[in-house]
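Just below is one structure, and these are the notes that go with it.
There are 2 protein chains.
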Amino acid sequence: MNDIKKKRPTIKDIAKESGYSKTAVSFAFNEPSRLSSEAVKKILETANSLGYFPNPLARNLSLQKHFSIGFLLPQNINHTMNNPYILKVIEGISKVCESENYTLTIIPPLRSSIEEAVKSAAVDGLITMGMGLENKIVEILDKRNIPLVAIDGNPSQNIPSVNIDDERASHDIMCEVLKRGHRNITIVSLSEDLFTDKISNIKTVPLLRRQGYERALKEYGLSLTDERISILLSECTFEDGVNLYSQIISQQPSVSCVVTMSDIVAIGILYKLRVEKIDVPATLSVVGFDNLLESKLISPRLTTVDQPGLDKGIFASNLLFDYIKGKIENTTRIEVPYKVIIRESLGEFNA
Amino acid sequence: MNDIKKKRPTIKDIAKESGYSKTAVSFAFNEPSRLSSEAVKKILETANSLGYFPNPLARNLSLQKHFSIGFLLPQNINHTMNNPYILKVIEGISKVCESENYTLTIIPPLRSSIEEAVKSAAVDGLITMGMGLENKIVEILDKRNIPLVAIDGNPSQNIPSVNIDDERASHDIMCEVLKRGHRNITIVSLSEDLFTDKISNIKTVPLLRRQGYERALKEYGLSLTDERISILLSECTFEDGVNLYSQIISQQPSVSCVVTMSDIVAIGILYKLRVEKIDVPATLSVVGFDNLLESKLISPRLTTVDQPGLDKGIFASNLLFDYIKGKIENTTRIEVPYKVIIRESLGEFNA
DNA sequence: CTGAAAGCGCTTACAG
DNA sequence: CTGAAAGCGCTTACAG
Numbered sequence: 018m019n020d021i022k023k024k025r026p027t028i029k030d031i032a033k034e035s036g037y038s039k040t041a042v043s044f045a046f047n048e049p050s051r052l053s054s055e056a057v058k059k060i061l062e063t064a065n066s067l068g069y070f071p072n073p074l075a076r077n078l079s080l081q082k083h084f085s086i087g088f089l090l091p092q093n094i095n096h097t098m099n100n101p102y103i104l105k106v107i108e109g110i111s112k113v114c115e116s117e118n119y120t121l122t123i124i125p126p127l128r129s130s131i132e133e134a135v136k137s138a139a140v141d142g143l144i145t146m147g148m149g150l151e152n153k154i155v156e157i158l159d160k161r162n163i164p165l166v167a168i169d170g171n172p173s174q175n176i177p178s179v180n181i182d183d184e185r186a187s188h189d190i191m192c193e194v195l196k197r198g199h200r201n202i203t204i205v206s207l208s209e210d211l212f213t214d215k216i217s218n219i220k221t222v223p224l225l226r227r228q229g230y231e232r233a234l235k236e237y238g239l240s241l242t243d244e245r246i247s248i249l250l251s252e253c254t255f256e257d258g259v260n261l262y263s264q265i266i267s268q269q270p271s272v273s274c275v276v277t278m279s280d281i282v283a284i285g286i287l288y289k290l291r292v293e294k295i296d297v298p299a300t301l302s303v304v305g306f307d308n309l310l311e312s313k314l315i316s317p318r319l320t321t322v323d324q325p326g327l328d329k330g331i332f333a334s335n336l337l338f339d340y341i342k343g344k345i346e347n348t349t350r351i352e353v354p355y356k357v358i359i360r361e362s363l364g365e366f367n368a
Numbered sequence: 018m019n020d021i022k023k024k025r026p027t028i029k030d031i032a033k034e035s036g037y038s039k040t041a042v043s044f045a046f047n048e049p050s051r052l053s054s055e056a057v058k059k060i061l062e063t064a065n066s067l068g069y070f071p072n073p074l075a076r077n078l079s080l081q082k083h084f085s086i087g088f089l090l091p092q093n094i095n096h097t098m099n100n101p102y103i104l105k106v107i108e109g110i111s112k113v114c115e116s117e118n119y120t121l122t123i124i125p126p127l128r129s130s131i132e133e134a135v136k137s138a139a140v141d142g143l144i145t146m147g148m149g150l151e152n153k154i155v156e157i158l159d160k161r162n163i164p165l166v167a168i169d170g171n172p173s174q175n176i177p178s179v180n181i182d183d184e185r186a187s188h189d190i191m192c193e194v195l196k197r198g199h200r201n202i203t204i205v206s207l208s209e210d211l212f213t214d215k216i217s218n219i220k221t222v223p224l225l226r227r228q229g230y231e232r233a234l235k236e237y238g239l240s241l242t243d244e245r246i247s248i249l250l251s252e253c254t255f256e257d258g259v260n261l262y263s264q265i266i267s268q269q270p271s272v273s274c275v276v277t278m279s280d281i282v283a284i285g286i287l288y289k290l291r292v293e294k295i296d297v298p299a300t301l302s303v304v305g306f307d308n309l310l311e312s313k314l315i316s317p318r319l320t321t322v323d324q325p326g327l328d329k330g331i332f333a334s335n336l337l338f339d340y341i342k343g344k345i346e347n348t349t350r351i352e353v354p355y356k357v358i359i360r361e362s363l364g365e366f367n368a
């Protein structure tokens with residue numbers, strides 16, 4: 018606590034002070050079995066008395082490892098860290114990191130650029146979520162030799178990934194809606210990912226889901242362009258859900274069911290409907306996607322598609338560690354199961 | 018993609034290939050203004066064609082910086098990443114990191130040891146939350162010269178911190194309970210932090226809150242040891258809340274109000290009460306702490322203490338960056354405001 | 001069991 | 001405007 022510029026002791030100081038070599042000091046910390054117990058004891062004592070800890074930066078440079086994997090945040094940090102579903106995935110990743118003795122680095126855009134962030138990310142591997150991955154980013158990672166696993170990415174890209182069958186899941190839940198007689202339907206789609214490479218022929222998750230809805234609609238003689246069907250866009254936040262209600266009504270006053278691509282948006286809508294004293298599902302049904310814990314807490318409880326966020330995180334990070342350790346080379350794709358959950362927010366349509 | 022061992026090109030390769038020196042290559046990336054535009058162009062072109070990116074590990078070692086701050090996870094990763102309140106704080110930290118162009122490193126215990134994790138954490142500063150910080154950990158950080166800010170730490174320790182006035186907030190909400198006639202009260206306390214240094218005289222947040230409750234009780238002629246008051250312990254999770262109900266009833270069948278130290282626990286209890294068809298608040302009132310978004314989504318909506326999680330994260334990380342940049346030296350403590358929020362889950366006691 | 005020395009891949013004061 | 005060289009603080013093959 019003196020005012021003299023604190024200089025952390027290095028391996029060199031410990032060597033000098035203890036009378037052993039730098040090599041010995043390193044061994045004392047990393048491979049004590051190679052030293053006499055006397056040497057280890059002496060070195061550790063000196064280290065302790067000088068308050069020495071090996072500098073991780075230097076250690077990592079020698080070892081060519083960061084002992085951390087990265088989670089790449091898409092553009093807007095609000096939308097990410099406010100989404101319980103993403104947080105569930107992060108929880109899964111953290112668990113695996115913990116058991117691998119790795120840290121988890123949350124990587125926001127650097128100087129507003131995801132690309133910049135990826136260029137200098139201090140990680141041994143990277144997980145992305147829900148991004149239409151720019152080819153540029155994939156290329157950088159490839160050159161930097163950093164493995165990548167995409168969660169909810171674009172199955173059409175040649176990237177290791179963890180997904181559910183979004184097309185089929187969306188088809189299935191839309192069928193439940195149609196089966197109950199609804200025909201005036203508002204679909205709340207997630208915005209196209211901002212970073213989708215428009216040129217390439219990438220099928221993003223929102224697109225796949227819309228295709229699933231479309232297939233179900235066709236089975237009932239409808240289409241996405243039918244005047245009874247309207248489509249709105251929304252960010253994946255509670256607030257956007259709350260604000261969406263007026264749009265929904267003005268677009269299509271006769272709507273009887275709102276189908277969203279995200280529970281948190283659906284919950285925002287339900288919240289607003291409660292405030293407006295609109296009866297769910299008697300007047301309006303609402304359907305979500307994700308099956309958050311919150312979805313069974315609100316009333317009416319939300320009809321939705323259950324997809325295992327925790328497992329997605331666990332699978333993705335296990336896969337990533339396999340790549341990091343060189344256990345596998347080929348592009349592995351994991352498909353996890355989903356399940357349609359019918360609860361009270363979806364009712365029969367009463368003409 | 019050839020099978021030849023991929024070796025990332027280094028500054029040396031670019032120097033050789035471009036005909037300039039390593040110094041020049043470094044400048045081209047970091048201080049192009051010091052080079053002729055011709056040199057910069059040539060170097061960047063070569064770098065690009067060879068697929069070169071500066072190695073962050075080497076760069077950081079030279080710069081003696083990690084460009085990342087750490088968030089230290091207490092013992093159990095489940096309890097942390099499942100707690101929406103903590104996640105809100107992390108969101109606040111992420112925002113500041115983003116604007117500082119830093120990453121956020123989530124640090125789980127290393128080989129089951131927080132101490133080990135702290136010894137080798139590759140960060141420029143550290144934020145902890147709700148830990149009774151072992152002196153050992155503070156000492157390590159001090160020796161490693163890594164600044165620390167504690168959120169919901171122990172105001173009694175000499176550590177920069179961000180807290181609300183937990184004693185007073187707890188007093189205030191307990192008064193609301195007592196004012197409404199409740200006398201048979203079950204307090205659900207958070208477990209003592211596992212890492213509290215038992216020897217020292219540290220006042221943890223749970224302890225402060227209990228003292229606040231106690232002060233309010235005394236004002237109404239009660240005490241913590243009164244037979245009408247019972248105290249239970251719980252982890253800070255939804256599941257623990259759900260499971261708590263049977264304990265609450267068996268400990269004190271005549272209980273009319275449950276006062277918890279955490280919304281997520283209170284929400285678990287409310288969920289269970291709904292399943293059990295127990296009328297809230299007519300039969301039993303429930304009170305939380307935090308004011309999560311979820312607390313206004315459930316019905317009945319939860320009476321609680323609002324404390325600004327996002328702001329706590331923002332204040333703590335701003336403070337941390339001030340230390341990192343050497344802008345301040347002294348131990349700064351920030352107290353953020355709280356607010357008691359009365360909602361339907363707290364009713365009058367009807368004898 | 002122990003140590004001298006090269007290497008990890010950058011940055012930067014200094015000299016020209 | 002450009003470069004040779006020292007330095008950041010470790011690890012580790014090699015020799016003894």
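Chains as they are written, first to last, in the numbering used here: chain F, 18 to 368; chain H, 18 to 368.
Idealized CB from N, CA, C, for every residue including glycine.
Residue i versus residue j - alpha carbon distance
{"i": "residue 190 of chain F", "j": "residue 238 of chain F", "result": "17 Å"}
{"i": "residue 46 of chain H", "j": "residue 288 of chain F", "result": "51 Å"}
{"i": "residue 324 of chain H", "j": "residue 175 of chain H", "result": "23 Å"}
{"i": "residue 40 of chain H", "j": "residue 221 of chain H", "result": "53 Å"}
{"i": "residue 181 of chain F", "j": "residue 354 of chain F", "result": "6 Å"}
{"i": "residue 109 of chain H", "j": "residue 297 of chain F", "result": "34 Å"}
{"i": "residue 156 of chain H", "j": "residue 292 of chain H", "result": "48 Å"}
{"i": "residue 178 of chain F", "j": "residue 169 of chain F", "result": "7 Å"}
{"i": "residue 365 of chain F", "j": "residue 250 of chain F", "result": "25 Å"}
{"i": "residue 57 of chain F", "j": "residue 61 of chain H", "result": "48 Å"}
{"i": "residue 272 of chain H", "j": "residue 367 of chain H", "result": "12 Å"}
{"i": "residue 285 of chain H", "j": "residue 253 of chain H", "result": "10 Å"}
{"i": "residue 339 of chain F", "j": "residue 345 of chain F", "result": "6 Å"}
{"i": "residue 114 of chain F", "j": "residue 269 of chain F", "result": "47 Å"}
{"i": "residue 326 of chain H", "j": "residue 93 of chain F", "result": "19 Å"}
{"i": "residue 349 of chain H", "j": "residue 267 of chain H", "result": "45 Å"}
{"i": "residue 318 of chain H", "j": "residue 294 of chain F", "result": "16 Å"}
Neighbouring residues, chain F, relative to residue i (Cβ below 9 Å)
{"i": "residue 83 of chain H", "result": "73, 74, 139"}
Identity of the residues DSSP links to residue i by a beta bridge
{"i": "residue 276 of chain F", "result": "F/204, F/304"}
{"i": "residue 356 of chain F", "result": "F/323"}
Helix, strand or coil at residue i [DSSP, three-state]
{"i": "residue 148 of chain H", "result": "coil"}
{"i": "residue 241 of chain H", "result": "coil"}
{"i": "residue 124 of chain H", "result": "strand"}
{"i": "residue 88 of chain F", "result": "strand"}
{"i": "residue 41 of chain F", "result": "helix"}
{"i": "residue 213 of chain H", "result": "Here residue 213 of chain H scores only 47 on pLDDT, less than 50, and its place in the model should not be relied on; the value that follows carries that caveat. Coil, per DSSP."}
{"i": "residue 186 of chain F", "result": "helix"}
{"i": "residue 180 of chain F", "result": "strand"}
Test item: CB-CB of residue i and residue j under 8 Å
{"i": "residue 245 of chain H", "j": "residue 201 of chain H", "result": "yes"}
{"i": "residue 362 of chain H", "j": "residue 303 of chain H", "result": "yes"}
{"i": "residue 78 of chain H", "j": "residue 78 of chain F", "result": "yes"}
{"i": "residue 88 of chain F", "j": "residue 121 of chain F", "result": "yes"}
{"i": "residue 336 of chain F", "j": "residue 166 of chain F", "result": "yes"}
{"i": "residue 320 of chain H", "j": "residue 359 of chain H", "result": "yes"}
{"i": "residue 90 of chain H", "j": "residue 125 of chain H", "result": "yes"}
{"i": "residue 187 of chain H", "j": "residue 226 of chain H", "result": "yes"}
{"i": "residue 160 of chain F", "j": "residue 68 of chain H", "result": "yes"}
{"i": "residue 98 of chain H", "j": "residue 111 of chain F", "result": "yes"}
{"i": "residue 276 of chain F", "j": "residue 204 of chain F", "result": "yes"}
{"i": "residue 316 of chain H", "j": "residue 316 of chain F", "result": "yes"}
{"i": "residue 314 of chain F", "j": "residue 104 of chain H", "result": "no"}
Chain H residues whose Cβ lies nearer than 8 Å to that of residue i
{"i": "residue 99 of chain F", "result": "108"}
{"i": "residue 128 of chain F", "result": "118"}
Proximal residues of chain F, C-beta to C-beta of residue i below 8 Å
{"i": "residue 86 of chain H", "result": "Near residue 86 of chain H there are no residues of chain F at all, since even the closest Cβ is about 10 Å away, more than 8 Å."}
Interface partners of residue i on chain F, CB under 7 Å
{"i": "residue 111 of chain H", "result": "94, 98, 123, 125"}
{"i": "residue 274 of chain H", "result": "Correct list: empty, because the minimum Cβ distance to chain F is about 21 Å."}
Chain-ordered neighbours of residue i on chain H, where CB pairs are closer than 7 Å
{"i": "residue 68 of chain F", "result": "160"}
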